[in-house]
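Report on the following structure.
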Ligand code: PMP
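Structure below.
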């Protein structure tokens with residue numbers, strides 16, 4: 001079988017070692033003669049595994065003890081509602097930075113609950129797409145919180161600055177960049193991420209919330225996304241996505257074995273440098289994001305001649321390089337290269353790209 005590298009943006013590839021272990025344990029987890037999918041979330045074995053996963057996740061991101069970690073349902077989009085419903089309090093507005101598709105989607109949902117002060121951060125620098133520096137974000141005085149998305153999965157745009165907005169409560173959608181680099185958690189009120197990119201399988205959403213922000217949920221906030229209810233019930237108010245939680249726990253162990261997020265950060269930089277290097281060294285491929293805002297997780301690129309797109313996709317698929325088709329709103333190609341994508345996978349892609357250009361350029 002050809003070695004397959006899966007560049008899907010999410011659900012995305014998982015580490016091979018993790019999949020092998022899950023396969024081994026699938027029908028007999030911890031000697032119980034049953035799978036982890038089939039046991040009670042309230043039983044000792046699952047609770048122990050769940051607690052260990054949380055501990056490993058906390059270790060990986062160095063999460064201060066003044067923060068709760070919640071394992072919940074609802075995906076990134078669920079948090080677009082959970083954030084206002086938990087944090088708005090008696091205010092009527094919040095600051096929303098628009099840097100791309102997902103940030104704008106959060107704004108759209110927020111309109112149901114408040115009047116967002118939208119900060120359009122999209123700018124052009126030397127003809128390339130970029131993001132206004134944080135120092136130019138005009139926050140409003142009466143905002144309940146600030147929301148932004150540090151990595152735009154579709155646009156391939158990253159905001160790499162660490163927020164420093166005094167007392168403002170910063171909330172951030174880390175769905176496509178969590179665990180790819182160290183984060184100073186103390187700068188945030190809430191960090192959230194859907195699991196299906198850099199954590200584990202779809203169905204799980206992780207929320208990191210500063211403890212003093214609990215207890216403010218709106219009375220109509222559904223209990224299953226109420227941070228206080230989730231926190232008081234150790235994320236087991238309703239049945240959590242147990243299999244996704246378990247598998248994410250295996251990914252956290254794997255990450256620790258790799259050396260943690262510092263090591264991933266270094267490897268992710270190498271992978272991104274390799275891929276952007278090939279794009280920049282050619283007139284055949286192009287990426288139109290300014291270098292300071294280029295995502296290291298999601299790399300969109302266009303072929304100079306879009307008539308070659310389907311041939312590129314066809315040939316790359318045959319070469320074992322899967323899911324390179326760009327998102328429907330931007331077209332072209334996109335390679336998502338999360339933690340689980342090894343450097344060899346990116347090397348295989350760049351070798352293919354160079355060869356494709358040689359044959360068709
Ligand atoms: N935020 C970001 C940055 C995303 O990439 C996605 C999914 N691609 C979402 C939110 C929405 O996530 P979900 O489908 O889990 O609701």
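In UniProt numbering, the protein residues as written are 1 to 361. We treat Cβ as the ideally placed atom computed from N, Cα and C, and that holds for glycine.
Integer Cβ distance of residue 146 from residue 170, believed to fall under 8 Å: 5 Å
Go ahead and label residue 271 buried or exposed: buried means 16 or more other beta carbons lie within 10 angstroms of its beta carbon, across all protein chains shown. buried
Please go through the stretch 3 to 73 and give each complete alpha helix (DSSP H) segment of 4 or more residues, from N-terminal end onward. 16 to 25 and 44 to 61
At a cut-off of 7 Å, would you count residue 149 as near the ligand PMP, judging by its Cβ distance to the nearest heavy atom? yes
Inspect the CB distances between the stretch 310 to 326 and the stretch 243 to 251 and report whether three or more fall short of 8 Å. no
Terminal residues of the continuous alpha helix (DSSP H) containing residue 351? 343 to 360
Using DSSP's beta-bridge definition, name the partner residues of residue 336. 298
For residue 113, which residues in the same chain have their Cβ closer than 7 Å to its Cβ, ignoring the five residues on either side in sequence? 84, 85 and 88
Alpha-carbon spacing of residue 97 relative to residue 118, whole angstroms: 6 Å
Which same chain residues, not among the five before or five after residue 241, have their C-beta less than 7 Å away from its C-beta? 73, 203 and 204
Using 8 Å as the threshold, is the C-beta distance between residue 230 and residue 70 below it? yes
Quick check on residue 351: buried or exposed, where buried means 16 or more other Cβ atoms within 10 Å of its Cβ? exposed
Minimum C-alpha distance to residue 256 - residue among 56, 80, 5 and 309: 56
For residue 37, does the count of other Cβ atoms within 10 angstroms reach 16, so buried, or fall short, so exposed? exposed
Any idea if residue 79 is buried or exposed, counting beta-carbon neighbours within 10 angstroms, 16 or more meaning buried? buried
Residue 295: CB within 7 Å of a non-hydrogen atom of the ligand PMP: no
Measure the Cβ-Cβ separation of residue 148 and residue 174 and say whether it is below 8 Å. no
Spatial neighbours of residue 27 in its chain, beta-carbon cut-off 7 Å, leaving aside the 5 residues before and after: 35
For residue 129: DSSP bridge partner residues: 124 and 289
Which residue comes first and which comes last in the alpha helix (DSSP H) that contains residue 365? Outside the modelled stretch of the chain, which goes from 1 to 361, sits residue 365, for which no answer is possible.
Using DSSP with H/G/I as helix, E/B as strand and the rest coil, what is residue 118? strand
What are the boundary residues of the alpha helix (DSSP H) that includes residue 220? First-last for residue 220: undefined, no H or E at that position.
Terminal residues of the beta strand (DSSP E) in which residue 172 lies: 170 to 173
Going by beta carbon distance, what residues of the same chain come within less than 8 Å of residue 343, once the five residues before and after it are set aside? 267, 270, 271 and 274
What residue from 13, 134, 258 and 101 has the CA that sits closest to residue 200's CA? 13
What I want to know is whether the C-beta of residue 245 ends up closer than 7 Å to one or more non-hydrogen atoms of the ligand PMP. no
Residue 380 vs residue 293 beta-carbon contact at 8 Å: With the chain represented from 1 up to 361, any question about residue 380 goes unanswered, as that position is not in the structure.
Residue range of the unbroken alpha helix (DSSP H) whose run includes residue 273: 260 to 280
Nearest neighbour of residue 58, chosen from 100, 179 and 218 [CA to CA]: 179
Can you tell me the Cα-Cα spacing of residue 46 and residue 52, whole angstroms? 10 Å
Residue 103 vs residue 152 beta-carbon contact at 8 Å: yes
If I follow the unbroken beta strand (DSSP E) through residue 311, where does it start and stop? Here residue 311 belongs to no beta strand (DSSP E); instead the alpha helix (DSSP H) covers 309 to 318.
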